[in-house]
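Read the structure below first, then the notes.
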Amino acid sequence: MSAAQQLAEVLRPVKHVLLDFDGPVCSVFAGLSAPEVARRLREGLLAAGEQAPAAGEAESDPLALLRLIADARPELAASADAALAALETEAVRIGKPNPGGESVLLACARSGRSVSVVSNNAGAAIEAYLTDHGLSGYVTGVFGRVPGDPSSMKPNPRLLVDAMEAVGAEPAECVFIGDAARDVQAGDAAGVPTIGYANKPGKDAKLAAAGAVVIVDSMQHIADALS
């Protein structure tokens, strides 16, 4: 069976699409880089008189840094999350749209499928992006990380479960589209098959190893299969 046939087979029973944001829809940190966002987050804590924990690998990953802060200093989780949400909102204003992501939203609308955006990014940033690009009407719900609770982020399936419950959908009626192994892991934990979007070299192997049911290198392929 060809990749196109596999994709069509996976999508045939789907009534509700769960869609990751950073990557499939928008490259959030294409304009304001992830390391710069992490740096600003740390500097904000220091300016407030708080000691940020040693970051290590999280130095260049603001979401990993948020987890680290919440684990090391739980009392700072809410304020750090709010600060990061503001930085993410700034970032999406100059982020790089993925034309294929918009195509998927339009194809879902044409085919009568609903879409929920499920992302580790802040819901406020996602909603700002959708509004700025005239896409809010194509999305049933936005499920960003729970404010102040980075443990809600994928690979935790919580956000996917919340999205399905909001529309009364069963896992068998859904598919998740994501570009990271943690997306596949979250989908698996929620009982939802995940289509892997390999937007960078080497991601196809990681997505396959995680258990993605089919892997594409363009969101347009998914849009075409939905139409």
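So the sequence shown is numbered by my numbering: it starts at 177 and just counts up by one. Cβ coordinates follow ideal geometry from the N, Cα and C atoms, glycine included. Here the structure is a predicted model, which means the values were calculated and not measured.
C-beta atoms of residue i and residue j nearer than 8 angstroms
{"i": "L336", "j": "S328", "result": "no"}
{"i": "S292", "j": "S403", "result": "no"}
{"i": "V190", "j": "V389", "result": "no"}
{"i": "V294", "j": "D196", "result": "yes"}
{"i": "H192", "j": "V343", "result": "yes"}
{"i": "D355", "j": "N375", "result": "yes"}
{"i": "Y373", "j": "P200", "result": "yes"}
{"i": "E278", "j": "L311", "result": "yes"}
{"i": "G363", "j": "T370", "result": "yes"}
{"i": "A283", "j": "P333", "result": "no"}
{"i": "I302", "j": "G207", "result": "no"}
{"i": "A339", "j": "L183", "result": "no"}
Residues near residue i in its chain [Cβ-Cβ closer than 6 angstroms; skip 5 each side]
{"i": "S394", "result": "G276"}
{"i": "R358", "result": "K330 and P331"}
{"i": "P323", "result": "D257"}
{"i": "D198", "result": "V204 and N297"}
{"i": "P211", "result": "S236"}
{"i": "P396", "result": "Strictly speaking, residue 396 in this sequence is Gln, with Pro absent from that position. Here the set comprises G276 and S279."}
Coil, strand or helix - residue i by DSSP
{"i": "S203", "result": "strand"}
{"i": "L183", "result": "helix"}
{"i": "V343", "result": "helix"}
{"i": "H192", "result": "strand"}
{"i": "D393", "result": "coil"}
{"i": "S312", "result": "helix"}
{"i": "V322", "result": "coil"}
{"i": "S178", "result": "coil"}
{"i": "S328", "result": "helix"}
{"i": "S403", "result": "coil"}
{"i": "G299", "result": "helix"}
{"i": "S290", "result": "strand"}
Neighbourhood of residue i by C-beta distance below 8 angstroms, restricted to the same chain and skipping five residues each side
{"i": "V213", "result": "F205, P238, L260, L263, E264 and A267"}
{"i": "A298", "result": "D257, L260, A261, E264, T265, G320, R321 and P323"}
Residue i: CB within 7 angstroms of a non-hydrogen atom of the ligand SAH
{"i": "P200", "result": "Among the components of this structure there are no ligands whatsoever, and the ligand SAH is therefore not found."}
Residues near residue i in its chain [Cβ-Cβ closer than 7 angstroms; skip 5 each side]
{"i": "P405", "result": "In this structure the chain extends from 177 to 403, so residue 405 is not present and cannot be described."}
{"i": "A300", "result": "A261 and T265"}
Closer than 8 angstroms to chain B by CB, residue i
{"i": "R215", "result": "The structure shown contains no chain B; it is built from a single protein chain."}
Cβ pair count under 8 angstroms reaching 3, the stretch 318-332 against the stretch 209-221:
Short answer: they don't touch.
Say whether the stretch 247-255 touches the stretch 347-359, bearing in mind that this needs 3 or more beta-carbon pairs closer than 8 angstroms, one atom from each stretch.
Judged by Cβ distances under 8 angstroms, the stretch 247-255 makes no contact with the stretch 347-359, as fewer than three pairs qualify.
Going along the chain, which unbroken runs of the alpha helix (DSSP H) with 4 or more residues stay wholly within the stretch 220-276?
Here the runs fully enclosed are 238-248 and 253-269.
In chain order, which alpha helix (DSSP H) runs of at least 4 residues are fully inside the stretch 346-380?
List check, alpha helix (DSSP H) in window: 357-366.
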